[in-house]
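Okay, structure first, notes after.
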Amino acid sequence: MELFDLFATSTLSSTSFSGLLVLAGFVAVAICLGTSIGGSKRQNLPTPPNHGFLANSLEVMANLPRLLDWFLEQSLKYGGEGGLGTWTFQVFMQPRMIVTHDPENVRHILTNVNTYGKGPVWRQNFYPILGDGIFSADFKNWFLQRKRAANMFKISNFKRSMLDAVRSKCLKCLDLISAQVRRASSSHPETAIVNLEEYFFKMTLDTIGEIAFGQDLGSLSGKNVEFMRAFDFCQMYASDLFFLPGPAWFWNYCTPLGWRFRRQTQVLETHATCVVKEMITRALDEGALQDDPEGENREDVGVGRKETILSYFLQKESQESLKNDLRTVRYLSDVIMNFQIAGRDTVAQAFSWAVHLLSLHPDIQEKAHQEALLVLGSLRAAEAATFDQINRLEYMRAVVTEVLRLYPSVPKEGKWVFKDDALPDGSRVSKGSWVVFSPYVMGRLESLWADAAKFKPERHLDKPKPSNFVFTAFQGGPRICMGMNLAYMQLQYGLALLLLSCQFAPLNGGEDVLPLQHSTTLPTQRGVRVNVTLRDTANTLKNRQDVQNEECEDFGTRDWPLMNCDTRKRNVIAWQYYIFTF
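Sequential numbering from 176 applies to the sequence shown in our numbering.
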């Protein structure tokens with residue numbers, strides 16, 4: 176009945192209908208040729224039931240809104256004892272996916288970067304968003320970008336420029352949350368229902384803007400709303416392309432979602448290009464582009480003698496290319512988009528899931544609060560917290576790690592197979608297929624974690640620590656997340672400030688599980704709404720200029736879904752596809 180309701184609420188334009196007929200022709204050709212277009216040869220591995228040339232398309236499509244839980248269920252069913260074994264599935268006209276959660280297999284995949292990488296399909300789906308940036312790059316291009324960006328993640332930068340950026344944005348975010356609670360509260364102590372997720376997304380975007388290219392993007396002051404909406408939608412859409420039957424060009428050019436995607440990528444490109452041109456102009460005007468492109472002989476590098484990630488990339492470009500070469504501007508724009516997706520979404524979602532879990536576990540929340548008091552002191556004293564003090568928040572770090580075990584910011588990871596290979600468990604993988612593992616699934620397997628379903632930060636205080644191939648939230652091997660320590664610093668400090676100022680309680684007893692939004696990362700469908708109570712209004716950080724001026728809009732309690740897209744509606748076009756191909 177739900178399927179018929181879905182069609183009743185949708186419309187199909189003549190252009191979309193024509194495109195569907197074109198794809199139907201491809202289906203007919205595929206049947207005649209007796210092949211599944213775009214697939215690699217099938218391995219002798221367990222697989223869910225398939226439907227002829229459609230393979231597992233129907234089941235994957237039906238479970239797309241809950242894809243991560245479907246991965247978990249299938250891994251437990253077809254992955255052998257403990258769900259660690261290797262199994263496979265395929266969507267029509269997509270490469271075969273080989274799924275494994277064995278830590279030794281994961282180690283093999285992540286350490287052999289010449290055999291497993293991003294590949295052409297990832298690049299095709301994400302090129303409109305990420306271009307030639309590090310998250311779409313392989314081999315030499317990836318190595319050069321990682322080498323340049325790694326210069327920024329030195330300990331001296333953490334203690335200086337990075338901590339300054341994190342501190343200022345966290346304090347501003349806390350100001351706004353406190354002000355929102357006071358405005359919305361009519362009781363004492365002051366309590367209000369607040370959707371904290373949107374604050375976190377704005378805070379982390381401003382933070383990475385400061386760190387990556389030395390600009391305050393003003394998101395906490397109500398700017399960049401259009402950019403953030405476009406950013407969220409484009410990630411969701413591009414992630415879906417891996418699991419939708421048919422080639423990416425069909426979805427991009429023949430469906431309303433694809434048309435919207437192409438419009439929204441123009442918003443992203445305009446944003447990134449404006450930032451790059453402003454950086455280039457400032458660099459040329461200030462004479463910040465010097466010899467010594469690697470910055471090895473100078474303490475301060477880049478624009479305005481302030482170290483940023485983009486400044487290291489600017490140093491590699493000649494003044495002539497910066498002035499006249501549009502390819503250089505496009506490349507630097509790609510750098511910006513890649514680091515924004517890394518620094519905004521992943522950390523903001525970790526903040527959101529942390530608040531959700533802490534609200535459900537008041538005992539753990541209070542332990543973290545007491546540690547913050549012990550290490551940082553009062554809220555006022557915490558304003559001047561040092562890098563070493565933040566590092567001493569050991570229980571808070573364990574809380575963050577446990578949050579990321581259950582809700583990893585990148586919940587699924589696929590690597591393209593560049594050449595035929597065998598995994599340590601003996602499974603053969605063919606060139607042109609995907610090998611996939613899910614940190615979300617691995618964090619829920621009892622075979623890897625005792626009491627896997629329980630939120631238990633204490634498990635991360637024990638020695639030895641789990642390897643990066645068991646706790647895979649930051650991956651491992653040569654492609655391990657460069658921003659891991661920055662993320663921990665942001666989360667430890669930001670959560671400490673929040674707990675020194677606020678208490679969190681769930682709404683109506685709380686939902687143990689919030690509905691997820693399928694995307695590249697792990698947002699919720701409706702945000703994270705909790706009861707926020709100010710601990711001591713006399714000591715909250717207030718009366719700052721940005722709060723007095725009320726620069727930002729009242730976005731904390733608006734019912735504005737982050738992805739601006741209903742889950743059922745997202746699947747309308749996919750179901751239309753099936754109707755018109757039969």
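The C-beta atom is built at its ideal place from N, Cα and C for all residues, glycine as well.
Bear in mind that the values here come from a model prediction, so they are computed numbers and not experimental data.
A distance of 8 Å or more separates the beta carbons of residue 699 and residue 373. The beta carbon of residue 364 lies closer than 7 Å to those of 708, 709 in the same chain, with the five residues before and after it left out. In this structure, DSSP gives residue 541 a helical state, which the three-state scheme calls helix. In the structure shown, the three-state DSSP call for residue 691 is strand. DSSP places residue 242 within a helical segment (H, G or I) once states are collapsed to three. Secondary structure of residue 597 (DSSP, three-state): strand. Comparing C-alpha distances from residue 624 to each of 642, 608, 612 shows the shortest one belongs to 642.
Rounded to whole angstroms, the gap between the alpha carbons of residue 583 and residue 618 is 8 Å. Under the DSSP definition of a beta bridge, residue 374 lacks any partner. DSSP places residue 709 in the uninterrupted beta strand (DSSP E) bounded by 704 to 709.
The C-alpha of residue 551 lies about 12 Å from the C-alpha of residue 569. For the 8 Å CB-CB criterion, residue 572 and residue 490 do not form a contact. The region 377 to 386 and the region 337 to 345 touch, with no fewer than 3 CB-CB distances between them shorter than 8 Å. Note: residue 611 is bridge-paired with 274, 589 in the DSSP secondary-structure output. Sorting 438, 486, 516 by C-alpha distance to the C-alpha of residue 694 places 516 at the top. For residue 443 and residue 503, the gap between their C-alpha atoms comes out near 17 Å.
Between the C-alpha atoms of residue 430 and residue 303 there is a straight-line separation of about 17 Å. Taking a contact as a CB-CB distance under 8 Å, the pair residue 321 and residue 330 does not count as one, their CB atoms being some 18 Å apart.
With fewer than 16 other CB atoms across the displayed protein chains lying within 10 angstroms of its CB, residue 289 is exposed.
A distance below 7 Å between beta-carbons, with the five flanking residues on each side excluded, links residue 669 to the following residues of its chain, in chain order: 345, 526. Below 8 Å, too few C-beta pairs join the region 384 to 400 and the region 418 to 434 to call them touching: fewer than three. Counting along the chain, residue 679 sits inside the beta strand (DSSP E) bounded by residues 677 to 680. Each residue's CA atom was taken as its position, placing residue 681 and residue 701 some 14 Å apart.
Ranking 270, 306, 318 by CA distance to the CA of residue 507 puts 306 first.
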